[in-house]
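J.: Using this note's numbering, read the sequence shown as starting at 259 and increasing by one per residue.
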Amino acid sequence: MKRSSVLTRATLVGVCAVVLPLLLAAYVGWLLTLTSVQQRLDGMAQVVAQHTDATVEEASSALRLIANSPIPPCSPEGLDQMRLLAMNTFSVKTVGYVEEDIFTCGSQGLMGAKAEPWVGHFVAADGVLASLQAVPWLGTAKPMLALQHSAFHVLVDAQQFLEVVVDGRFGVAVGALDGQLLNASNPAVGSLLTLVHTGPLSGMNEGFLYTVVRNGNWLSVAAIPRSDLWAILLETQLLTLSIGLVVAGVLLRRVVRDAGRRLSPLAELESAVRHREFIVHYQPIIELCSGRCIGAEALVRWRRADGSMVRPDLFIPLAEESGLILPITDQVMEAVMRDLGPMLAADRSLHVALNLAANDVCSGRFLPILLGHMQAADVLPCQVWLEATERGFMHLESAKLTIAKARALGFRAAVDDFGTGYSSLQYLQQLPLDALKIDKAFVSSIGLDASMTPLIGHVIEMANTLKLELVAEGVETAQQLDYLRAHHVQFAQGWLFAKALPAEGFKRFCLDERAALLGADEVPAGLPALLPVSG
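(1) Under the three-state reduction of DSSP, which class applies to Leu-582: helix, strand or coil?
(2) If the criterion is Cβ atoms closer than 7 Å, does the pair Thr-498 and Val-286 meet it?
(3) Sort Pro-542, Pro-445, Val-276 and Val-306 by Cα distance to Ile-501 and report the nearest one.
(4) In whole angstroms, what separates the C-alpha of Leu-602 from that of His-539?
(5) Tell me whether Asp-489 sits in a helix, a strand or coil according to DSSP, three-state version.
(6) What are the start and end residues of the alpha helix (DSSP H) that includes Ala-446?
(7) Provide the residue span of the alpha helix (DSSP H) that contains His-407, from first to last.
(8) When you compare each of Ala-730, Pro-760, Lys-765 and Leu-775 to Leu-754 by their alpha carbons, which one comes out closest?
(9) Is the beta carbon of Ala-307 closer than 7 Å to that of Ser-478?
(10) Check Met-567 in the structure and name its three-state DSSP category.
(11) Scan the stretch 650-675 and note each continuous alpha helix (DSSP H) run of 4 residues or more that stays entirely inside, going in chain order.
(12) By how many angstroms is the C-alpha of Gly-599 removed from the C-alpha of Phe-700?
(13) For the beta strand (DSSP E) that Val-432 lies in, which residues bound it at each end?
(14) Pull up the distance between the alpha-carbon of Met-369 and that of Asn-475, whole angstroms please.
(15) Considering only the alpha carbon of each residue, which of Val-412, Ser-566 and Pro-279 lies closest to Phe-536?
(16) Can the beta-carbon of Ala-671 be found less than 7 Å from the beta-carbon of Leu-644?
(17) Sorted by chain position, which residues of the same chain lie with C-beta nearer than 7 Å to Ser-792's C-beta, five sequence neighbours on each side aside?
(18) Cys-363 by DSSP, collapsed to three states: which one?
(19) Could you compute how far the alpha carbon of Pro-570 sits from the alpha carbon of Ala-657?
(20) Could you spell out the range, first to last residue, of the beta strand (DSSP E) harbouring Asn-475?
(21) Check whether the stretch 383-392 touches the stretch 332-348, taking contact to mean three or more Cβ pairs, one atom from each stretch, closer than 8 Å.
(22) Using the Cβ count rule (16 or more neighbours within 10 Å means buried), how would you classify Phe-428?
(23) Starting from Gln-391, follow the beta strand (DSSP E) in both directions and report where the run begins and ends.
(24) By how many angstroms is the C-alpha of Thr-647 removed from the C-alpha of Asn-613?
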């Protein structure tokens with residue numbers, strides 16, 4: 259994946275990692291606030307309704323008791339009875355007796371005042387008539403709840419129904435089932451009761467979140483203004499958003515860490531393997547005695563999706579260390595047979611050299627994979643050279659088994675970059691090899707560093723002793739070429755002949771070289787047809 263894509267994706271995921279937890283925290287905070295406030299409203303409304311019902315029942319019981327008393331109502335004993343009932347019944351404010359529309363007497367004594375009939379709102383099951391907004395005939399003009407039975411009545415102060423609410427942010431109201439208001443903690447909640455008495459039991463109305471409870475003959479409403487609801491929400495959000503910030507921080511850290519991992523060289527290499535970003539270039543190998551191209555070394559190249567190239571020395575060590583060199587080798591073997599298979603099948607004198615990792619040399623894992631690709635392309639084992647550095651042969655016994663098996667199948671084996679390791683003549687004698695490749699560090703010193711010349715001579719002498727062919731790498735000057743020819747080195751490769759070429763470039767190079775050396779009539783018949791038609 260391209261660096262820009264990783265950064266773009268990491269940015270988007272990072273934004274989501276921050277925004278989503280905070281949005282979720284805000285949403286959870288809103289739900290918690292609604293749930294908590296709704297539960298408080300439910301509790302308040304329930305308590306008010308139950309308290310109202312209990313208070314009215316207490317007053318009704320006292321009223322029925324005096325109405326059924328055999329004591330004459332306005333006699334001295336009757337007046338004492340009314341006074342005692344008003345004193346001993348907490349819910350009852352006053353007790354009175356009406357006869358022929360005259361307020362004859364009550365707990366205050368003998369009256370004789372005109373009694374204007376109160377509007378009755380409902381009759382309870384026990385026969386008590388309730389008037390919700392009864393104005394007393396004497397004394398205060400504050401409306402009260404009047405309960406009437408026979409000629410007797412009691413007055414109840416409706417304010418006591420609301421005394422259960424202690425939080426000033428909440429309001430309550432109580433009234434009859436038909437929405438007639440008995441009392442409210444504030445006028446707005448009282449108006450709300452008349453609006454919602456026939457509607458849903460909870461919800462938002464007129465800027466209030468409310469709950470309605472019906473209990474017996476009474477209906478109560480508990481509500482909170484939207485402004486106070488927001489204040490409670492902010493208190494809750496301090497907690498939930500703090501948790502959301504912690505979660506966002508953890509997620510963002512993971513996103514940054516994941517992005518860092520994806521941007522690491524190893525992650526890029528893993529992505530390149532998955533997306534098969536590896537291609538193969540081919541460096542021609544020249545037979546020095548004839549000047550003829552007899553094959554090529556397959557060199558892996560990493561071409562990113564954006565077309566940029568990564569130098570092998572930047573990714574090969576990492577690939578070997580991480581084990582990714584194995585799938586890369588598999589892709590190289592497949593690409594080589596796809597690129598050069600038809601050419602090798604058309605000209606059996608050509609070969610291709612494949613570089614093997616140390617693990618493959620020890621395990622031989624690559625052999626069946628390579629053979630499968632070769633059979634599909636009709637390439638012979640003798641046309642494939644297997645190369646490994648001296649480090650690849652460090653596990654001598656395992657390497658010997660793999661190389662012996664490969665040579666028995668017809669492959670040729672060579673030590674690559676020879677001279678950079680610690681191989682000795684005795685060590686090389688134990689390996690079933692066909693060729694040594696002189697490292698370009700030695701070749702480049704020819705004519706420049708006199709101290710290196712004996713080393714090259716020693717390598718050539720070792721190869722001659724072991725009857726191994728020699729391939730010189732990195733040949734760049736005519737002086738180097740003359741030296742190698744003078745010392746009977748068989749093959750060479752380097753920029754003096756050609757740089758590593760794409761598959762089509764190598765085919766063109768090989769065809770042009772054959773035509774120049776042999777003439778057009780001597781070029782193998784199948785080779786020209788392998789080149790793409792131009793124009």
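A virtual CB, placed ideally from N, CA and C, is assigned to each residue, including glycine.
T.: So, from the data block:
(1) coil
(2) Yes; because the gap between Cβ atoms is below 7 Å, this pair is in contact.
(3) Val-276
(4) 16 Å
(5) Note that residue 489 corresponds to Ala in the displayed sequence, not to Asp. It is helical.
(6) 445-454
(7) No alpha helix (DSSP H) contains His-407, which is instead part of the beta strand (DSSP E) from 402-407.
(8) Ala-730
(9) yes
(10) strand
(11) 654-667
(12) 33 Å
(13) 429-434
(14) 32 Å
(15) Ser-566
(16) yes
(17) Its pLDDT being 47, under 50, Ser-792 is placed unreliably by the model, and the measurement read from it follows with that caveat. No residues qualify anywhere along the chain.
(18) Strand at Cys-363.
(19) In this model, Pro-570 and Ala-657 are separated by some 24 Å (Cα to Cα).
(20) Taken as a continuous stretch (DSSP letters only), Asn-475 belongs to no beta strand (DSSP E), as it is neither H nor E.
(21) no
(22) buried
(23) 387-392
(24) 8 Å
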